[in-house]
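Everything below concerns the one structure shown next.
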Amino acid sequence: MIKFDYSGVESNIIGNEHGLNVQEEFNNYREKISQIIADLNQRKDKPGQWLQWMNLGYNEETVWYVKEYASMVEGRFDNLLVLGIGGSALGGLAMTEALLKPYWNYLSNEQRNNYPRIFFLDNIDPDSVNGLLDVLDLKKTLVNVITKSGSTVETMAQYMIVKDRLEQELGDDYRKNIVATTDKQTGILRQLADQEGYKTFVIPDDVGGRFSVFSAVGLLPLALVGIDIDEVVQGIKDIDLALKNMDINNNIAAQNALIHYLLDTQKGKKISVMMPYSSRLRYVPDWFVHLWAESLGKVIDNDGNIVHSGQTPLKAIGATDQYSQMQLYNEGPNDKIINFVRVGEFDNSLEIPKIFEYTGIRYLGGKTINELLDAEADSTKVTLADNSRPTVSIIMPKIDGYHLAQLLYMLEVQTAIAGELYNVNTFNQEGVEQAKNYTYGLMGRSGYEESASEIKNKLDVFNKDTVNV
Ligand code: PA5
Numbered sequence: 009m010i011k012f013d014y015s016g017v018e019s020n021i022i023g024n025e026h027g028l029n030v031q032e033e034f035n036n037y038r039e040k041i042s043q044i045i046a047d048l049n050q051r052k053d054k055p056g057q058w059l060q061w062m063n064l065g066y067n068e069e070t071v072w073y074v075k076e077y078a079s080m081v082e083g084r085f086d087n088l089l090v091l092g093i094g095g096s097a098l099g100g101l102a103m104t105e106a107l108l109k110p111y112w113n114y115l116s117n118e119q120r121n122n123y124p125r126i127f128f129l130d131n132i133d134p135d136s137v138n139g140l141l142d143v144l145d146l147k148k149t150l151v152n153v154i155t156k157s158g159s160t161v162e163t164m165a166q167y168m169i170v171k172d173r174l175e176q177e178l179g180d181d182y183r184k185n186i187v188a189t190t191d192k193q194t195g196i197l198r199q200l201a202d203q204e205g206y207k208t209f210v211i212p213d214d215v216g217g218r219f220s221v222f223s224a225v226g227l228l229p230l231a232l233v234g235i236d237i238d239e240v241v242q243g244i245k246d247i248d249l250a251l252k253n254m255d256i257n258n259n260i261a262a263q264n265a266l267i268h269y270l271l272d273t274q275k276g277k278k279i280s281v282m283m284p285y286s287s288r289l290r291y292v293p294d295w296f297v298h299l300w301a302e303s304l305g306k307v308i309d310n311d312g313n314i315v316h317s318g319q320t321p322l323k324a325i326g327a328t329d330q331y332s333q334m335q336l337y338n339e340g341p342n343d344k345i346i347n348f349v350r351v352g353e354f355d356n357s358l359e360i361p362k363i364f365e366y367t368g369i370r371y372l373g374g375k376t377i378n379e380l381l382d383a384e385a386d387s388t389k390v391t392l393a394d395n396s397r398p399t400v401s402i403i404m405p406k407i408d409g410y411h412l413a414q415l416l417y418m419l420e421v422q423t424a425i426a427g428e429l430y431n432v433n434t435f436n437q438e439g440v441e442q443a444k445n446y447t448y449g450l451m452g453r454s455g456y457e458e459s460a461s462e463i464k465n466k467l468d469v470f471n472k473d474t475v476n477v
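Numbering (my numbering), first residue to last: 9 to 477.
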């Protein structure tokens, strides 16, 4: 199982001003946390609570259908192209990057065991969209279009472009190259998929985008590139059992939620940095940034008070970002908590050769870069503590589907518990709706005429300050 170490926030290590007496706080919040966990587990099956993600580890039917489809198409495609944005892309991206052999897309068919290369088109940058479509042989590409709402503008635009090109290349057969993951009955994509006769997978009711990685949204791309999704599901089940424990002393998600909440509200730690010491985990912080930001950044709490809650999540990668962000973290404002993600055992151990024996780098010879990475992570943690900067560490024994699923699921539970501590609605995202409405207006969607004229007037005011150099 993954482990959690909070010694880096203890006041006896980093001092009272910035640290916590953690055990005392666990005792103070024991009752509250136990109520929160009981309440989440009681509400999880009720419609409209958006807690169905807590059941995804037990969705055997989905796992069966995903595996069946993956084995049906095995060997037929050279590329898998995932179309989606936000929660419909970030989980799959984080997991495939971590679990596939590094540089997967550069490996030969044989080295990939004939599983496809994988590409995520999670933006609408015209140059990169065009560039990717130039690179891919669409005839040999399976396109997985993913959207819960079935209407997200970026995903629909990508889909329309790709579908059109597929049809030009394949004629009527293009349908076999598209698989859609969406709601079971609502949304434009559902309607189109049914009309066009695509193979489809369902995102269950009451599973929001940022909590959907363990539905077909994430499981299908994983299975299509040959990742063992049974291992992933086992990881979720095992950690889910542990995280149902209502005693904060035995529940690592509750511990990290409380630590973040207290550091934010009592110690001014307005920023939470996630810093894995692993390149394979490089997209996990992107997934977490979405989860933490959209779930906790809220203008009002559940009682209608204006709160402007939420910590700003940031991404860093160890050791790389020791050479970019760490100066600020050590000496700049003491407004952050750093979440290290450490890997117990890497798949590879690389020895540094004993060369340059008569130079100042002789000490490296015979050591491994694994030892070096560990030494750097330890040194960074202790230096931050020397400067009274709080840190926690999540330890993955190794990078595999089992432990990665545990990490992501723990972070989901942590987020849900934090939402209850902040007393906000973790599962809505009204703060992004206005920009979507303006976009619809500007793009001429019917029903959004008012938004169109409102934003056009406002843009006129903005554009007055444009300076020509
Ligand atoms: O967390 C969320 O619900 C959102 O950020 C969605 O993931 C994002 O808006 C994409 O939505 P959809 O899957 O409907 O295209």
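All C-beta atoms, glycine included, are put in the ideal place defined by N, C-alpha and C. Predicted model only: the values in this text are computed from it and were never measured.
Note on geometry: alpha-carbon atoms of residue 248 and residue 135 lie some 42 Å from one another. Residue range 149 to 155 is occupied by the beta strand (DSSP E) that includes residue 150. Distance between residue 393 and residue 399, taken at the CA atoms: about 8 Å.
With 6 Å as the limit between CB and the heavy atoms of the ligand PA5, the residues that fall short of it are 93, 94, 95, 96, 155, 156, 157, 160, 163, 216, 217, 218, 302 and 437.
In the structure shown, residue 163 falls within a helical segment according to DSSP collapsed to helix, strand and coil. Around residue 110, the same chain offers 288 as residues with beta carbons nearer than 7 Å, after the five sequence neighbours per side are excluded.
Only buried fits residue 60, as 16 or more other CB atoms lie within 10 angstroms of its CB.
Uninterrupted beta strand (DSSP E) stretches at least 3 residues long and entirely within the region 284 to 347 occur at 306 to 308, 314 to 317 and 320 to 323, given in chain order. According to DSSP, residue pairing for residue 125 in a beta bridge involves 87. In this structure residue 190 is in contact with residue 198, their Cβ atoms being roughly 5 Å apart against a cut-off of 8 Å. Around the beta carbon of residue 125, a 10 Å sphere encloses 16 or more other beta carbons of the protein chains shown; the residue is thus reported as buried.
The beta carbon of residue 206 lies closer than 7 Å to those of 183, 186, 187 and 188 in the same chain, with the five residues before and after it left out. Spatial neighbours of residue 450 in its own chain (CB-CB distance under 7 Å, excluding positions within 5 residues in sequence) are listed in chain order as 460 and 463. The alpha-carbon separation between residue 377 and residue 230 amounts to approximately 29 Å.
When beta bridges are read from the DSSP output, residue 453 appears opposite no residue. Where residue 9 is concerned, there is no enclosing beta strand (DSSP E), because DSSP gives it neither an H nor an E. Note that the C-beta distance between residue 410 and residue 243 is below 8 Å. For residue 422, the closest C-alpha among the options 299, 452 and 337 is that of 299.
Contact between residue 96 and residue 225 holds: CB atoms are separated by about 6 Å, below the 8 Å threshold. Looking at 474, 430 and 416, the one whose alpha-carbon comes closest to that of residue 9 is 416.
By the Cβ criterion, the region 359 to 379 is not in contact with the region 310 to 317, since fewer than three pairs of Cβ atoms, one from each stretch, lie closer than 8 Å.
Assigned with DSSP and collapsed to three states, residue 354 falls in coil, not helix or strand.
Annotation: the region 208 to 252 contains the following complete segments of the alpha helix (DSSP H) (minimum length 4 residues), in chain order: 224 to 232 and 237 to 251. Residue 51 and residue 44 have their C-alpha atoms some 10 Å from each other.
Distance between residue 162 and residue 16, taken at the CA atoms: about 41 Å. In this structure residue 154 is in contact with residue 90, their Cβ atoms being roughly 7 Å apart against a cut-off of 8 Å. In terms of Cα proximity to residue 320, the closest of 354, 353 and 271 is 271. For residue 187, the uninterrupted beta strand (DSSP E) run begins and ends at 186 to 190, by DSSP.
Remark: C-beta atoms of residue 107 and residue 127 do not approach each other more closely than 8 Å.
For residue 468 and residue 474, the gap between their C-alpha atoms comes out near 10 Å. CA-CA distance, residue 262 to residue 452, rounds to 46 Å.
Among the bridge pairs identified by DSSP, residue 406 is matched with 353. Taking all protein chains shown into account, residue 328 has fewer than 16 neighbouring C-beta atoms within 10 Å of its C-beta and is therefore exposed. Contact check between the region 380 to 390 and the region 213 to 225: fewer than three CB pairs, one atom from each, fall below 8 Å, which does not count as touching.
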